[in-house]
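**Student:** Note that this note's numbering gives residue 245 to position 85 of the sequence shown, counting from 1, and the numbers run on in steps of one.
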Amino acid sequence: MALVVQKYGGSSVSDARSIKRVAKRIAEAKRAGNDVVVVVSAMGDTTDELLELADEISPKPPQREMDILLTAGERISMSLLAMAIDKLGVKAKSFTGQQAGLLTDAVHGKARIVDVVPHRIRQTLSKGQVAIVAGFQGVSTSNDVTTLGRGGSDTTAVALAAGLDADVCEIYTDVDGIFSADPRIVPGARKIDKVTYEEMLELAASGAKVLALRAVEYARRYDVPVHVRSSFSGKTGTLVTGTHGDLIDPNASTGDQEEAMEDPIISGVAHDSSEAKITVVGVPDTLGQAARIFEVVAGAGANIDMIVQNVSVAATGRTDISFTLPHGDVRSTVAALNAVKSELKFDELQIDDEIGKVSLVGAGMKSHPGISARLFGALRDAGINIEMISTSEIRISVVTRADSLDDAVRAIHTAFGLDSSEGEAVVYAGTGR
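(1) State buried or exposed for proline 278, treating a residue as buried only when at least 16 other CB atoms are found within 10 Å of its CB.
(2) Is the stretch 305-313 close to the stretch 218-235, with three or more CB pairs under 8 Å?
(3) Quick one: residues in its chain with C-beta nearer than 6 Å to the C-beta of threonine 484, no 5 flanking neighbours on either side, listed in chain order?
(4) Start and end of the alpha helix (DSSP H) containing glutamate 508?
(5) Anyone know if the C-beta pair for glycine 295 and alanine 317 falls short of 8 Å?
(6) Under the three-state reduction of DSSP, which class applies to isoleucine 136: helix, strand or coil?
(7) Using three-state DSSP, classify glycine 397 as helix, strand or coil.
(8) How many whole angstroms separate the CB atoms of leucine 320 and valine 196, which I take to be in contact at a CB cut-off of 8 Å?
(9) Cα-Cα, which of Gly397, Asp275 and Gly367 is closest to valine 586?
(10) Looking only at C-alpha atoms, which of Leu248, Leu262 and Phe506 sits nearest to isoleucine 481?
(11) Alpha helix (DSSP H) containing serine 239: first to last residue?
(12) Residues in the same chain with beta-carbon distance under 8 Å from isoleucine 352, minus the five sequence neighbours each way, listed in chain order, please.
(13) Can you give me the start and stop residues for the beta strand (DSSP E) that glutamine 469 sits inside?
(14) Over the uninterrupted alpha helix (DSSP H) stretch that includes threonine 316, give me the two end residues.
(15) Quick check on DSSP: helix, strand or coil for leucine 213?
(16) If valine 518 and threonine 560 are in contact, beta carbons under 8 Å, what's the gap, nearest whole angstrom?
(17) When you compare the stretch 490-498 with the stretch 521-531, are there three or more beta-carbon pairs, one atom per stretch, that lie closer than 8 Å?
(18) Within this structure, are the beta carbons of threonine 264 and glycine 233 separated by less than 8 Å?
(19) Of all the options Gly448, Ala571 and Val200, which has the alpha carbon lying nearest to the alpha carbon of leucine 240?
(20) In the structure shown, what three-state DSSP assignment does leucine 163 receive?
(21) Using the rule of at least 16 other Cβ atoms within 10 Å of the residue's Cβ for burial, across every protein chain shown, is histidine 487 buried or exposed?
(22) With a CB to CB cut of under 8 Å and the five nearest residues on each side skipped, what residues in its chain are close to asparagine 411?
(23) I believe serine 580 touches alanine 368 by the beta-carbon criterion, under 8 Å. Please report the beta-carbon distance rounded to the nearest angstrom.
(24) Glutamine 417 to glycine 169, Cα distance in whole Å?
(25) Please report how far the alpha carbon of valine 549 lies from the alpha carbon of asparagine 470, in whole angstroms.
(26) Between the C-alpha atoms of valine 293 and valine 355, what's the straight-line distance to the nearest angstrom?
(27) Classify proline 222 as buried or exposed, calling it buried when 16 or more other Cβ atoms lie within 10 Å of its own Cβ.
(28) To which residues does DSSP link phenylalanine 255 through a beta bridge?
(29) By how many angstroms is the C-alpha of serine 300 removed from the C-alpha of phenylalanine 576?
(30) Here's a check: name, in chain order, each residue in its chain whose Cβ is nearer than 6 Å to the Cβ of glutamate 419, leaving out the five neighbours to either side.
(31) When you compare each of Ala496, Leu539, Ala202 and Ala187 to serine 172 by their alpha carbons, which one comes out closest?
(32) Does leucine 447 pass the burial test, meaning 16 or more other C-beta atoms within 10 Å, or should it be called exposed?
(33) Taking all protein chains shown into account, decide if glutamine 258 is buried (16 or more other Cβ within 10 angstroms of its Cβ) or exposed.
(34) Would you mind reading off the limits of the alpha helix (DSSP H) that contains valine 456?
(35) Mind checking leucine 371: buried by the 16 CB within 10 Å criterion, or exposed?
(36) For aspartate 175, name the three-state secondary structure that DSSP assigns.
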């Protein structure tokens with residue numbers, strides 16, 4: 161018997177027919193002798209519809225009330241799914257995030273989990289029942305309902321898996337696993353069988369949406385094996401765990417293992433079109449100026465991604481500092497910087513919301529020369545200009561024009577031999593999530 165935590169995204173429970181299909185899969189897992197905990201997202205576009213409804217009522221609603229409103233979507237899904245499972249002859253009980261013991265801080269809209277106390281879930285499992293938990297939500301230390309922000313249901317699932325010491329956390333979506341690129345842009349992308357936490361962190365942070373960044377962080381911290389697979393097929397998906405040493409097949413021959421260990425390991429290409437670029441023009445190149453700028457940016461609550469500072473112009477003693485951030489953080493960041501313009505003595509702010517980021521990720525980069533040259537050469541040959549560059553030990557990211565982003569993804573994917581020979585990938589529900 162295994163303890164399995166399963167998470168189903170919105171595309172997997174988009175309507176009554178889909179919910180019945182998911183219920184059948186859950187019932188089969190239970191009848192196979194497993195203890196099963198299920199985390200479920202809101203149906204289809206329910207969250208977007210609730211956001212639109214709130215916007216019709218108030219352009220700036222209280223965050224506390226927004227959290228109460230948005231958690232309704234997952235509660236609908238959990239109760240309907242429990243009904244569908246019960247109809248199949250398997251007992252199931254649904255729980256809100258609060259009832260499931262997901263304790264968070266008090267930051268509405270993007271709360272962080274501070275503890276998991278799953279007493280009621282354990283009691284349910286001990287009675288031989290399936291526990292259905294509403295994803296994306298918890299309760300703060302002040303007893304207010306909170307939401308976890310983007311990818312919150314993934315994070316809920318991994319947190320519960322860690323709190324319950326589950327054998328595996330299965331993330332069900334509408335693709336057959338994690339691919340070497342978004343199959344909606346690169347139909348010939350290949351499925352990755354196994355990937356490390358570190359590589360998945362870089363892919364998620366670089367725009368790969370199949371698994372939420374915070375969920376991967378949580379999985380790595382608590383060593384939770386994550387299996388990403390499709391709820392629309394029975395295929396084996398992608399295992400996210402450990403290091404590459406842990407991922408080598410112990411039944412493979414010594415020669416195969418050595419070949420696998422020595423090959424350049426490039427996991428995939430991720431892209432992100434959700435960022436904008438702000439350039440602070442004419443900044444005095446003096447001690448502490450950059451620190452002050454980013455203190456102001458941090459105070460505005462912006463999440464900074466890439467940063468580039470130009471060489472100071474000798475004649476003026478001034479420089480330009482550019483950084484990228486989510487589109488949603490631009491307005492507050494610009495307002496915060498303009499409020500201290502006289503103090504910082506910069507000339508102006510330039511906002512560019514027509515950029516895209518493409519990233520190549522792979523553990524083999526740090527030990528194989530020529531990766532950067534091949535990436536930049538592929539973009540050159542495709543006629544794509546690079547505006548910013550950022551690197552880590554296992555990632556190279558570049559900023560291009562937004563209208564060149566898809567071409568950049570395809571060019572890099574082909575240049576590194578990532579195209580599949582097994583036909584086109586399938587996105588069952590059309591969202592890749």
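No residue lacks a Cβ here, since even glycine has one placed at the ideal position from N, Cα and C. Computed from a prediction, not measured in an experiment: that's the story for all the values here.
**Tutor:** Short version:
(1) The residue given as residue 278 occupies position 118 in the sequence shown. Per the 10 Å Cβ criterion, buried.
(2) yes
(3) Residue numbering aside, residue 484 sits at position 324 when the sequence shown is read from its first letter. Around threonine 484: Glu435, Lys437, Asp465 and Met466.
(4) As a working mapping, residue 508 is identified with position 348 in the sequence shown. Segment 508-512 is the beta strand (DSSP E) holding glutamate 508; no alpha helix (DSSP H) there.
(5) Start at 1 with the first residue of the sequence shown, and residue 295 comes out as number 135. Start at 1 with the first residue of the sequence shown, and residue 317 comes out as number 157. Cβ distance < 8 Å, so glycine 295 and alanine 317 count as in contact.
(6) One cannot answer for residue 136 here, as it falls past the ends of the chain, which runs 161 to 593.
(7) Within the sequence shown, residue 397 is the residue found at index 237, counting from 1. Glycine 397: coil per DSSP, three-state reduction.
(8) Locating residue 320 in the sequence shown gives position 160, where the first residue counts as 1. Locating residue 196 in the sequence shown gives position 36, where the first residue counts as 1. That pair is no contact at about 12 Å.
(9) In the sequence shown, counting from the first residue as 1, residue 586 sits at position 426. Among Gly397, Asp275 and Gly367, the Cα nearest to that of valine 586 is on Gly397.
(10) If you number the sequence shown from 1, residue 481 lands on position 321. Out of Leu248, Leu262 and Phe506, Phe506 has the C-alpha closest to the C-alpha of isoleucine 481.
(11) Counting from one through the sequence shown, the residue named residue 239 turns up at place 79. Here the alpha helix (DSSP H) through serine 239 covers 223-247.
(12) Sequence index remark: in the sequence shown, residue 352 carries index 192 (1-based). Only Gly337, Ile338, Phe339, Ser340, Thr398, Ser427 and Gly428 meet the Cβ criterion.
(13) Within the sequence shown, residue 469 is the residue found at index 309, counting from 1. First-last of the beta strand (DSSP E) with glutamine 469: 467-469.
(14) Position 156 of the sequence shown, counted from the start, is the residue given in the question as residue 316. Where threonine 316 is concerned, the enclosing alpha helix (DSSP H) stretches over 312-324.
(15) By one-based count along the sequence shown, residue 213 stands at place 53. Residue state, collapsed to three classes: helix.
(16) The residue given as residue 518 occupies position 358 in the sequence shown. The residue given as residue 560 occupies position 400 in the sequence shown. Confirmed, Cβ separation roughly 7 Å.
(17) no
(18) As a working mapping, residue 264 is identified with position 104 in the sequence shown. As a working mapping, residue 233 is identified with position 73 in the sequence shown. For threonine 264 and glycine 233, no; Cβs fall outside 8 Å.
(19) Mapped onto the sequence shown, residue 240 falls at position 80. Answer by Cα proximity: Val200.
(20) As a position in the sequence shown, residue 163 is number 3, starting the count at 1. Three-state result, leucine 163: strand.
(21) Within the sequence shown, residue 487 is the residue found at index 327, counting from 1. The residue is exposed, with fewer than 16 neighbouring Cβ atoms inside 10 Å.
(22) Taking the first residue of the sequence shown as 1, we reach residue 411 at position 251. With a pLDDT of 46 at asparagine 411, under the threshold of 50, the modelled position of that residue is not reliable, and the figure given next carries that caveat. No residues qualify anywhere along the chain.
(23) For this step, residue 580 is matched to residue 420 along the sequence shown. For this step, residue 368 is matched to residue 208 along the sequence shown. Actually they do not touch by this definition, with Cβ atoms about 17 Å apart.
(24) Within the sequence shown, residue 417 is the residue found at index 257, counting from 1. Within the sequence shown, residue 169 is the residue found at index 9, counting from 1. Residue placement at glutamine 417 is poorly supported in this model, since its pLDDT is 42, which falls under 50; the coordinates still yield a value, given next. For glutamine 417 and glycine 169, the distance between alpha carbons rounds to 35 Å.
(25) As a first step, residue 549 must be located in the sequence shown, where it is residue number 389. As a first step, residue 470 must be located in the sequence shown, where it is residue number 310. Here residue 549 is isoleucine; the residue named in the question, valine, does not match the sequence. Answer to the nearest angstrom: the Cα atoms are 13 Å apart.
(26) Counting from 1 along the sequence shown, the entry for residue 293 is found at position 133. Counting from 1 along the sequence shown, the entry for residue 355 is found at position 195. Rounded to the nearest angstrom, the two C-alpha atoms are 27 Å apart.
(27) Position 62 of the sequence shown, counted from the start, is the residue given in the question as residue 222. Burial call: exposed.
(28) Taking the first residue of the sequence shown as 1, we reach residue 255 at position 95. Val293, per the DSSP bridge assignment.
(29) If you number the sequence shown from 1, residue 576 lands on position 416. If you number the sequence shown from 1, residue 300 lands on position 140. If I take the Cα positions, the gap works out to 46 Å.
(30) Within the sequence shown, numbered from 1, the residue matching residue 419 stands at position 259. At glutamate 419, the pLDDT of 42 sits below 50, so the modelled position is not reliable and the matter cannot be decided from this model.
(31) Here the question's residue 172 lines up with position 12 in the sequence shown. Comparing Cα-Cα distances from serine 172 to each of Ala496, Leu539, Ala202 and Ala187, the minimum goes to Ala202.
(32) Sequence index remark: in the sequence shown, residue 447 carries index 287 (1-based). Its Cβ having fewer than 16 others within 10 Å, leucine 447 is exposed.
(33) Along the sequence shown, one-based indexing puts residue 258 at 98. Buried, because 16 or more other Cβ atoms sit within 10 Å of the Cβ of glutamine 258.
(34) The sequence position of residue 456 within the sequence shown is 296, counting from 1. Here the alpha helix (DSSP H) through valine 456 covers 449-459.
(35) The residue given as residue 371 occupies position 211 in the sequence shown. Leucine 371 should be labelled buried.
(36) Looking up residue 175 in the sequence shown gives position 15. Aspartate 175 falls in the coil class under three-state DSSP.
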